[in-house]
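Residue numbers (our numbering): 4 to 155.
Pasting the structure below:
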């Protein structure tokens with residue numbers, strides 16, 4: 004189980020730059036030059052959900068990819084509720100990386116387009132910090148974000 008960080012200061016501040024206003028973000032959880040996905044061990048697992056009364060299989064997806072520290076319950080919830088695409092279709096998401104990237108990269112792209120970041124490096128830090136926090140279950144977005152963001 005991962006350590007819980009409580010009352011850790013968040014180092015985000017807005018300031019004027021040559022380009023205009025933007026957020027400067029300092030790393031808290033991540034290391035420069037290392038993608039958060041490269042810092043954990045990933046494993047493939049099968050998600051099979053059965054009706055508790057009848058035992059009938061109501062959902063099945065094999066070979067989904069999660070960090071090895073994710074619980075079976077957490078991976079079942081994300082796979083059954085938040086993976087995009089029809090089960091069995093080639094375009095269906097099969098990895099937590101795809102789900103997180105769909106949302107995080109959409110927000111990062113929008114932030115860059117609308118000038119929310121002071122520099123491109125601040126955008127990269129935002130992307131890495133948000134990815135780390137989601138992957139380590141420090142927080143999660145509400146369901147409408149997972150259902151809608153990054154789906155065009």
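The C-beta atom is built at its ideal place from N, Cα and C for all residues, glycine as well.
This one's a predicted model, so the numbers in the text were calculated from it and none came from an experiment.
Residue i, enclosing beta strand (DSSP E) - first and last residue
i          : result
residue 28 : 24-28
Coarse secondary structure for residue i, derived from DSSP in three states
i           : result
residue 89  : coil
residue 20  : Any answer about residue 20 is weak, because its pLDDT of 47 lies below 50 and its placement is not dependable; what the coordinates show is given next. Three-state result, residue 20: coil.
residue 129 : helix
residue 81  : helix
residue 57  : coil
residue 139 : coil
residue 34  : coil
residue 154 : coil
Rounded C-alpha distance that separates residue i from residue j
i           : j           : result
residue 127 : residue 111 : 8 Å
residue 63  : residue 123 : 40 Å
residue 38  : residue 100 : 12 Å
residue 151 : residue 143 : 14 Å
residue 154 : residue 98  : 16 Å
residue 91  : residue 121 : 42 Å
residue 103 : residue 59  : 30 Å
residue 147 : residue 106 : 11 Å
residue 73  : residue 89  : 23 Å
residue 68  : residue 48  : 6 Å
residue 41  : residue 135 : 11 Å
residue 118 : residue 139 : 28 Å
Range covered by the alpha helix (DSSP H) that runs through residue i
i           : result
residue 105 : 99-116
residue 147 : 146-151
In DSSP terms, what residue i is bridged to
i           : result
residue 50  : 64
residue 72  : Residue 72 is not bridged to any residue.
residue 45  : 70
residue 156 : Coverage of the chain is limited to positions 4 through 155, which leaves residue 156 absent and any answer about it impossible.
Tell me whether the region 124-136 and the region 31-38 touch, counting them as touching only if at least three CB pairs, one residue from each stretch, are closer than 8 Å. yes
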